[in-house]
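Enquirer: One structure, pasted below without further comment.
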Amino acid sequence: MLTKRWLYQNEEGLRIEVINAWKLFPKLRSREALLVNGQAVSTRETGPHDSFKTTTAYTHTAVVRHKEKDYRIKIKLGSKCPGFAVGCHIFVGDELVGGDTASKLMFL
Numbered sequence: 444m445l446t447k448r449w450l451y452q453n454e455e456g457l458r459i460e461v462i463n464a465w466k467l468f469p470k471l472r473s474r475e476a477l478l479v480n481g482q483a484v485s486t487r488e489t490g491p492h493d494s495f496k497t498t499t500a501y502t503h504t505a506v507v508r509h510k511e512k513d514y515r516i517k518i519k520l521g522s523k524c525p526g527f528a529v530g531c532h533i534f535v536g537d538e539l540v541g542g543d544t545a546s547k548l549m550f551l
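Per the numbering used here, the sequence shown starts with residue 444, numbered consecutively.
Below you can see the structure in the form of structure tokens.
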């Protein structure tokens, strides 16, 4: 299984981790996870029916409380443009704060 991770931590200590693990063979499952401060808040597994959807995107969202403050987190996973490598954008509120910030991602 090939695994890619993206990390972001703000000045208040809020830690966001995104994991994308996938296999090259269609009969094997792939998975995505959004972790905030070490706790999984959103996960998704794919199976044989969608293993080759490498140009599609998925969005994970969560609202978490950290140090008396609510944070709206949105993660977008998609193919880097151009190509098929998986990229990630991490948003807190409406601001792009982490992931592949210099890359354009295809969200189909």
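Built from N, CA and C at the ideal position, the CB exists for glycine as well.
Since this is a predicted model, take the numbers as computed values, not measurements.
Leaving out the 5 sequence neighbours to the left and right, which residues in its chain are closer than 6 angstroms to Thr502 when beta-carbon positions are compared?
Expert: Same-chain partners within the cutoff: Lys519.
Enquirer: Please list the terminal residues of the continuous beta strand (DSSP E) segment that includes Asp513.
Expert: Residues Lys512 to Lys523.
Enquirer: Could you check if Phe534 is buried or exposed, using at least 16 other CB atoms within 10 Å of its CB as the buried criterion?
Expert: By the 10 Å Cβ count, Phe534 comes out buried.
Enquirer: Straight-line CA distance for Leu477 to Val484?
Expert: When rounded, the distance between both Cα atoms is 6 angstroms.
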